[in-house]
Structures are given as structure tokens and as C-alpha cells.
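Count the sequence shown with our numbering and you get residues 20 to 524, in order. What follows is a single structure, written as C-alpha cells, with notes after it.
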Amino acid sequence: MNASELLLGIDIGTSSVKAVFMDARGNVKGSGRREYPINSPQIGRAEQPPEEWWEAAVISVREGLGEARRETEGEVTVLAVGFSGQMHGLVALRHDDSPARPAIIWADQRSIDEMRDVNEAIEKTGIEKVCNKASPGFLLPSLLWLMRREPETFGQIKTVMLPKDYICFRMTGRRVSEPTDAAGTCAYNVRDGGWNRGLLDALSLPSSIFPEIVPTGAIVGQITPRAAEELGLPAGIPVAAGAADQPAGALGNGVIEFGTLLSTIGTAGQIFAPLTAPAYDELLRTNTFNHALSGAWYALGANLSAGYCLKWLKRHANIPGEYKDLDGLASRVPVGSRGVIFLPYLFGDRTPHLDGHARAMFFGLTGATGIDEMIRAVMEGVVFSMAEGLEITLGLGVSPKMVIASGGGAESRLWQQIQADIYNLPVTRSATKEQACTGAAILAAAGAGLYPNIKTACAEMTRMSREIQTPDAEAHSAYMEIFGIYRELYDRNRELFPRLAQFAT
């Protein structure tokens with residue numbers, strides 16, 4: 020490869036599309052980003068028009084391409100394109116290929132009743148196939164909600180797919196998905212592969228509307244002339260199927276081997292632990308999904324509003340400055356935030372409570388409490404929530420020696436240290452920027468044959484930071500005492516949360 024031969028990784032995120040052009044060693048040569056909102060037409064609902072993702076992708080690719088041309092001082096040859104994308108969301112296309120309605124994304128809570136029905140059907144048809152309970156915002160309960168509550172729209176559907184698969188469709192005309200994203204629908208057989216037709220039949224949902232499944236990272240087509248004109252790229256560039264954002268981000272962070280752990284604090288928060296078999300928590304408090312490598316899986320604990328909690332506090336408390344400035348404010352407060360605890364459930368809770376009614380709260384406020392204490396309490400509360408997911412993965416036999424911090428939270432040294440102290444494990448981060456886009460580019464590189472397989476591409480295209488945050492024994496001891504109070508807060512308020520729901524309209 021010469022300096023002008025690049026790979027394009029595109030991440031369809033919850034708040035933006037990012038497009039990164041990089042060489043086969045993982046060096047970024049150009050990038051673009053376009054933001055968009057989450058629409059909430061009613062409390063508890065979260066939607067995005069798929070067309071906005073495509074428009075954002077077009078702008079991001081063009082912006083990144085211009086930057087790459089300036090960086091390489093000439094024309095750029097794109098060897099292949101790969102994708103990463105927000106998980107679980109429902110995109111429904113009509114026969115004329117237009118979206119039948121705005122996409123129902125992962126943060127949506129409307130399908131609580133349908134979730135119960137899906138989970139009953141999963142138990143009857145075999146939990147060992149799905150390895151998961153459905154949550155509100157997963158494609159399958161959202162689709163069941165659509166069939167029941169918007170039957171006219173449901174009747175127009177030709178194909179359902181996931182967010183990144185829609186962008187792949189717009190580029191290639193192919194209606195496909197792949198195991199890592201399909202696993203997050205609850206309609207996929209995580210253990211053996213393929214759509215779970217028995218489960219779909221039990222719910223009276225037609226399997227014919229689900230897309231073809233191809234291997235993760237496989238080349239599924241080429242950029243069409245129409246898409247090429249919009250993107251500013253030549254037609255005919257190979258396009259890989261990509262992966263869901265969690266396994267794509269894991270690839271970009273170099274997390275593919277059993278025994279490593281990825282702790283991501285972005286809009287949402289995730290604990291990601293690779294597995295060598297589709298083991299799952301008996302109480303189904305975490306998820307078990309397919310990893311990007313064939314014959315590999317991972318356990319996932321999720322908090323739905325992790326980094327968003329800090330964004331919410333900064334906006335509504337009118338805290339000036341950048342997010343990096345919050346570290347300085349919170350660092351003035353000792354471990355435990357002077358007795359203030361925050362439950363980070365702005366969008367309900369997934370792990371470990373699977374409770375769409377759960378709500379956020381500050382506990383322990385006094386007249387002496389300031390914004391510094393509240394900032395630190397939010398940071399600590401998010402990590403407490405993720406630590407509950409970590410405990411469950413340890414029960415599946417995972418024994419990590421190192422935690423890789425990722426997402427916006429990894430930019431905060433304080434948040435890294437809080438993770439080290441609560442998890443009682445050393446924490447570092449990848450030196451690779453834009454890990455989800457890097458993971459998408461890794462899949463494109465392997466799919467296009469630049470490397471013999473995904474594992475080799477990952478090893479060649481990622482690098483780790485030399486900086487490590489080590490746990491402080493005294494801080495860990497204090498956090499464990501506070502952790503016990505944190506757990507009791509949910510338990511003691513669990514029955515109150517749904518009683519508040521009638522007033523939240």
C-alpha cells in the first residue's frame with residue numbers, strides 16, 4: 020500500500036456519524052463528523068429518522084475525504100469501507116425502500132409490555148438459543164409493539180434491519196445483517212446462528228421481513244453509482260458488512276482475547292468481556308452476543324445513560340467550560356463525594372435490574388453540597404452501575420488482569436482512576452483514536468484481503484497507551500462500603516419508581 024491508499028470506517032452512533040480514513044497501519048489521515056438529535060415525541064420514546072443518518076454519513080465522508088486529500092497531498096484511493104453502528108434499533112423499510120417510520124432506537128422504553136411477551140416466548144422456545152432476555156429498545160419487542168400499535172405501518176414493511184445495515188443498504192442496495200448486530204435483536208440464534216424462526220412464529224412475526232445474514236466483516240457489495248455521487252467517492256469500492264458498535268469498538272481497542280475487559284463510557288456505558296463459548300448469566304442480567312471473530316462471543320453489561328448523565332448535569336446546571344474542566348471540579352472532592360450518591364438511571368436500567376421504570380436520583384444532598392460533589396457523584400454512580408455488570412461477568416469465569424477504558428470517559432484521567440479504584444484493577448486505554456471507526460476499518464481491511472483475518476488486522480492496526488491508572492487500596496475499601504449503600508438505594512425504591520410513571524407525562 021502507498022500513502023494514498025486508505026480504508027474508510029464509518030460509525031453510526033447515537034448522537035453523530037463519524038467517518039475516518041486511515042491507512043492499513045491504523046494511522047488516521049482524515050475524519051469527519053456530523054451530529055443529530057434523539058427525538059422524543061413522548062416521554063420514554065427515542066426515535067431517529069434513518070434519512071438523517073444517511074445525510075450525516077454523506078457530510079462526514081465528504082469532510083473526511085477532503086481532510087485526507089490535504090494530509091496525503093493528492094488524490095485518495097479508498098480500498099474498502101466498513102461499518103460500526105448503534106445496536107438494537109428497529110429500521111423498517113417499505114417495498115419502495117423508503118423508511119416506513121422513524122427508527123425506534125435502543126434508548127426507547129415504549130415496549131415494556133411487548134418485552135414481557137417476548138421473554139415469555141423466549142423461555143418457551145429455548146433460552147439457550149437466544150442467551151438473553153429482551154429489553155425495551157431491542158428490535159424484537161419494538162417490532163411487536165409496531166405490529167400491535169401501528170398495524171397500518173406494520174403492513175407496509177418489506178424488510179427490517181439495524182441502523183448500520185441501513186447505511187450499508189444505501190451504499191450497496193443489499194439488505195443484509197451480520198451476527199454481531201443480529202444478536203442484539205433477540206430474534207437471532209446466538210448459539211447456532213440464523214434467525215430464530217421458532218421464536219418469530221411463536222410471536223406471529225413473519226421471518227420473511229428479516230434480512231439475509233452474512234459473516235461479520237464480509238464484503239457484501241460495492242458502492243453504487245448513485246451512492247458514489249452523493250458521497251463524493253468512486254463507484255465500485257468494496258463494502259464490508261461491519262459490526263455492531265460494541266464488538267467494533269472492542270476490535271478498535273484490541274480487545275479480542277478471553278481475559279481482557281473493555282469498559283466504555285460513552286452516551287451509554289458498557290462492560291465488555293470476550294468469551295470462548297456462549298455462556299450466559301442464569302438470571303439473564305447481562306447479555307451474551309456474538310463477537311466479530313467467528314466462534315467467539317462476549318458478555319455485556321450495560322448502563323443506558325452513563326456519559327449522558329454528566330452531559331445532562333452540565334447542561335441543566337449551566338456548568339461553564341469544557342468537559343475536561345469537570346475533572347478539575349470533581350477532583351477537589353474526596354472519594355465518596357462527601358456522602359452524595361447518584362443512581363444513573365435517566366433512561367431506566369438494563370444491567371442488572373432490567374427495569375424500564377427505574378429513575379435517576381441524588382441521595383445524601385445537604386445544604387453544604389455543591390456542584391463539585393454532584394459532578395463526582397455522577398462519575399462514581401456510573402462506575403458503580405458498571406461494576407454490577409462486571410461482577411456478573413466474573414461469575415461467567417472471566418478473570419481480567421487489565422481494563423481497557425474507552426469512550427469519552429477514557430479522556431478523563433479522574434474517571435479512569437475511579438474505574439481502577441472501584442473495579443480494583445489497573446486501567447489503561449488504547450492509543451488508537453476513534454475506536455469504533457477503527458474497528459470498522461479493521462473489518463474492511465480483513466474483508467478486502469489486506470490481512471488474512473480479523474485477528475491479524477486488529478493486531479496491526481491498534482496500539483495501547485503506556486499510561487496505566489493503578490487501584491488505590493484505601494479508595495477501593497471506601498468505595499465498597501458506599502457500593503453497598505448504592506445497591507440498597509435501588510432495592511428500597513424499586514416499587515416507588517413505577518408509581519411515579521403516571522405523573523411523567
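Backbone N, C-alpha and C define an ideal beta-carbon position, used for all residues, glycine too. Please read these numbers as outputs of a predicted model, since none were measured by experiment.
- Membership of glycine 408 in the alpha helix (DSSP H) is indicated by the continuous run 390-413.
- Residue pairing by DSSP puts lysine 37 in a beta bridge opposite Asp30, Arg52.
- The Cβ atoms of methionine 134 and alanine 119 lie no closer than 7 Å to each other.
- With fewer than 16 other beta carbons inside 10 angstroms of its own, lysine 420 counts as exposed.
- Within a 10 Å sphere around the beta-carbon of arginine 129 sit 16 or more other beta-carbons, which makes this residue buried.
- The DSSP-derived three-state label of leucine 162 is helix.
- Here alanine 460 has Leu26, Gly28, Met41, Gly101 as same chain residues with Cβ atoms under 6 Å from its own Cβ, once five neighbours each way along the sequence are excluded.
- For lysine 474, the enclosing alpha helix (DSSP H) stretches over residues 473-480.
- Comparing alpha-carbon positions, the option among Glu139, Ala396, Lys183, Val110 lying closest to glycine 358 turns out to be Ala396.
- Of the candidates Thr475, Ser484, Lys452, Ser484 places its Cα closest to the Cα of proline 445.
- Between lysine 177 and histidine 107, the beta carbon gap of about 21 Å keeps them out of contact (Cβ cut-off 8 Å).
- In summary, glutamine 67 is buried, with 16 or more beta-carbon neighbours lying within 10 Å of its beta-carbon over all protein chains present.
- With a 10 Å radius around the Cβ and a threshold of 16 neighbouring Cβ atoms, proline 155 comes out buried.
- Distance from the CA of leucine 303 to the CA of tryptophan 73, rounded to the nearest whole angstrom, comes to 35 Å.
- Relative to the Cα of leucine 294, the nearest Cα in the group Phe382, Leu319, Ser223 belongs to Leu319.
- Per DSSP, leucine 270 is not a residue of any beta strand (DSSP E); the alpha helix (DSSP H) it occupies stretches across 264-271.
- Under DSSP, methionine 483 takes part in a beta bridge, and its partners are Ser449.
- Within a 10 Å sphere around the beta-carbon of isoleucine 238 sit 16 or more other beta-carbons, which makes this residue buried.
- Along the length of the region 171-252, whole alpha helix (DSSP H) runs at least 4 residues long occupy 182-191, 198-201, 216-221, 244-250, reported in chain order.
- Approximately 6 Å separates the beta-carbon atoms of glycine 261 and leucine 462; this is inside 8 Å, confirming the contact.
- For tryptophan 316, the enclosing beta strand (DSSP E) starts and ends at 316-322.
- Only residues of its own chain outside the window of five on either side were considered, and among them Val97, Ala99, Val100, Gln241, Ile242 have a CB closer than 7 Å to the CB of isoleucine 256, listed in chain order.
- Assignment of glutamine 521 by DSSP, reduced to helix, strand and coil, places it in the helix class.
- Of the residues assessed, alanine 140 falls on the buried side of the cut-off, its CB having 16 or more other CB atoms within 10 angstroms.
- Comparing alpha-carbon positions, the option among Thr204, Pro490, Ser496 lying closest to alanine 439 turns out to be Pro490.
- Pairing alanine 311 with serine 425, the inter-Cα distance amounts to about 18 Å.
- Looking at the DSSP output, phenylalanine 516 bridges to nothing.
- The three-state secondary structure of phenylalanine 157, taken from DSSP, is coil.
- Phenylalanine 381 has Phe361 as its beta-bridge partners, per DSSP.
- Residue burial is scored here from C-beta neighbours: threonine 385 has fewer than 16 other C-beta atoms within 10 angstroms and is therefore classed as exposed.
- Between the region 319-328 and the region 396-413 there are three or more inter-stretch CB-CB distances shorter than 8 Å, so the stretches are counted as touching.
- Only residues of its own chain outside the window of five on either side were considered, and among them Arg189, Met190 have a CB closer than 7 Å to the CB of alanine 246, listed in chain order.
- In the structure shown, the three-state DSSP call for isoleucine 461 is helix.
- Alanine 263 and serine 223 have their alpha carbons spaced roughly 27 Å apart.
- In its chain, beyond the 5 residues on either side, Met180, Leu181, Asp184, Pro230, Ile232 have a beta carbon closer than 7 Å to the beta carbon of serine 196.
- CA-CA distance, glutamate 82 to alanine 269, rounds to 26 Å.
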